[in-house]
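Reviewing the structure listed below.
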Amino acid sequence: MSTHTYDYLDGNAAAGELSKIFALDVTAASGQCAHCGTTRRFAEAHLYMQGPGIVARCAVCENVLLRLVNVRERMFLDMQGMTFLSLDTSQLIESNR
Amino acid sequence: MWRVGTVIALHDETATARTITLDVPDWPRHVAGQHVDVRLTASDGYSAVRSYSIASAPNSERRVELTVERLPNGEVSPYLTQEVAVNDRLELRGPIGGWFVWRTQQTEPIQLIAGGSGIVPLMAMIRSRASAVSTAPFRLLYSVREPRAVFYRDELQALLPHDNSVSVSYAYTRTAPKDWPRPPGRIDAALIADATWPSKLVPTCYVCGPTSFVESATCLLTASGNSPDKVRTERFGPTGDRQ
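Next up, the structure:
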């Protein structure tokens, strides 16, 4: 039996919070890790929510892809860990219109 | 962005899990596999947000069913499984997600693998398949602690005689029914070989459960020849109170 404890979720769990910023679905978006170059769906990123914000890490190399922190009336978004994020415009999220 | 839903029915699935049916007036049609965020706000303004998978098939009646499992020391799930009453109002954000979804246009074989309450979004896919009269071949492998922890038991059993293209297999991890052929234990390579589509059929696989379960099931699927890009996953755990 494995003693490894998993303390992450995945990108799906950040989608509600990110819908405040993105009008398009981020879970199916493809993002490239700026460290290892892997391109994966954002849903596959490892998500850490224990801290004061949300941290998404590359599922391959654990480089930080995205950080999101809410401080009172401001949101801080850091995406320097991704060289790009490619979003599908064919299905605008109804709930964000 | 936040919608208000009214609780119209409550149904206990197990001793610790409850299905909450909500009427949401401005609800857009969702897709099977999506989730919602639920926000509870206390009288002092403190609020807590948790994600819950949608259990119901897309429908035109603005109804959303969530099945919530009560977590010990949970902040939101004890309220949703014990306190909430018919006519109460809940704040919802969603439907959320476009990756962990099954669309009725998909015709390829579908492999569903659930760990515990990870059955919820997969049940929405099974229900969506039925309501769309889809003939896509579905298999479900449902890993659950013991028989009495099975969600949607009657509905899953009713699938067996009437619909031979949704086949359901159970893996009991702690206590199996009497005379069950397999001793209690986690999903392993032998069970993957017996109860899931052969990888040569190129099924799309959906795996939902606690993170450790998802990691293990995903490794077994890829080890048996499934391509990682055909395996879609959704993880939940105590960190996000995700159900």
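The listed protein sequences correspond, in order, to chains E and Y. Each residue of the first sequence is one higher than the one before, starting from 0 at the first, in numbering that gives the first Met the number 0. Each residue of the second sequence is one higher than the one before, starting from 0 at the first, in numbering that gives the first Met the number 0. Backbone N, C-alpha and C define an ideal beta-carbon position, used for all residues, glycine too. Since the model is a prediction, treat every value here as computed from it, not as a measurement.
Strand pairing of Y:Leu139, partner residues [DSSP]: Y:Leu111 and Y:Val167
Beta carbon proximity, Y:Thr238 to chain E, threshold 8 Å: Reliability fails at Y:Thr238, whose pLDDT of 47 lies under 50, so the model's placement of it is uncertain and no value is given.
Strand pairing of Y:Val119, partner residues [DSSP]: Beta-bridge pairing links Y:Val119 to no other residue.
Own chain residues within Cβ distance below 8 Å of Y:Phe235, not counting five before or after: Correct list, in chain order: Ser50, Ser116, Gly117, Cys207, Gly208, Pro209, Thr210, Arg241 and Gln242.
E:Met48 burial status per 10 Å Cβ neighbour count (16 or more: buried): buried
Through-space distance from Y:Asn72 to Y:Thr238, alpha-carbon basis: Low confidence applies to Y:Thr238: its pLDDT is 47, below 50, so where it sits in the model is not reliable, and the reading given next is rough at best. Near 12 Å, if we compare the C-alpha coordinates of Y:Asn72 and Y:Thr238.
Status (buried if at least 16 other CB within 10 Å, exposed otherwise) for E:Gln79: With a threshold of 16 other beta carbon atoms within 10 Å, E:Gln79 falls short and is exposed.
Simplified DSSP assignment, three categories, for E:Arg96: Because the pLDDT of E:Arg96 is 40, which lies under 50, any placement of that residue in the model is unreliable, and the number read from its coordinates should be weighed accordingly. Coil.
Nearest-angstrom Cβ-Cβ length linking Y:Val23 and Y:Arg2, presumed shorter than 8 Å: With a contact defined as Cβ atoms closer than 8 Å, Y:Val23 and Y:Arg2 qualify at about 6 Å.
Interface partners of E:Gly36 on chain Y, CB under 9 Å: What E:Gly36 touches in chain Y: nothing, since even the nearest Cβ is about 16 Å away.
DSSP-derived helix/strand/coil call for Y:Ile53: strand
Simplified DSSP assignment, three categories, for Y:Thr5: Strand, per DSSP.
Neighbour flag for E:Ala27 against chain Y, beta carbons, 8 Å: yes
Alpha-carbon to alpha-carbon, Y:Leu39 and Y:Glu164: Looking at the sequence shown, residue 164 of chain Y is not Glu but Ser. Taking the straight line from one Cα to the other gives about 40 Å.
C-beta neighbour in chain E for Y:Trp98, strict 8 Å: yes
Interface flag, E:Arg56 vs chain Y, CB-CB below 8 Å: no
Any C-beta of chain Y under 8 Å from that of E:Ser18: yes
Cβ-based contacts, 7 Å cut-off: residues of the region 82-93 of chain Y near chain E: Going along the region 82-93 of chain Y in chain order, one finds Arg92 and Gly93 with a Cβ nearer than 7 Å to chain E.
Selection from E:Tyr5, E:Ile20 and E:Thr4 that minimises the alpha carbon distance to E:Val68: E:Ile20
Partners in chain E for Y:Ile95, counting only beta-carbon separations shorter than 7 Å: Ala14, Gly15 and Ser18
Sub-8 Å separation of Y:Glu64 and Y:Thr15 beta-carbons: no
Inside the region 152-220 of chain Y only - beta strand (DSSP E) runs reaching at least 3 residues: Taking only runs of at least 3 residues, the beta strand (DSSP E) segments lying wholly in the region 152-220 of chain Y are 165-171 and 203-209.
E:Ser29 - DSSP class collapsed to helix/strand/coil: Collapsing the DSSP output to three states places E:Ser29 in a strand.
Classification of Y:Ala157 by the beta-carbon crowding that lies within 10 angstroms, buried from 16 upward: exposed
One or two residues paired with E:Met81 in a DSSP bridge: E:Cys32
Alpha-carbon spacing of E:Val54 relative to E:Leu8, whole angstroms: 10 Å
Own chain partners of E:Thr37 with C-beta closer than 6 Å, once the 5 adjacent residues on each side are dropped: Val59
Close Cβ partners of Y:Gln33 (< 7 Å) along its chain, the five nearest in sequence each way excluded: Ile53, Gly93, Pro94, Ile95, Gly96 and Val100
Among Y:Ser142, Y:Asn225 and Y:Glu60, the one whose alpha carbon lies nearest that of Y:Arg185: Y:Ser142
Nearest-angstrom Cβ-Cβ length linking Y:Glu12 and Y:Phe150, presumed shorter than 8 Å: 4 Å
CB of E:Ala12 within 8 Å of CB of E:Leu46, strictly: yes
Under 9 Å by beta carbon: chain Y residues contacting E:Arg71: Chain Y residues near E:Arg71: none, gap ~13 Å exceeds 9 Å.
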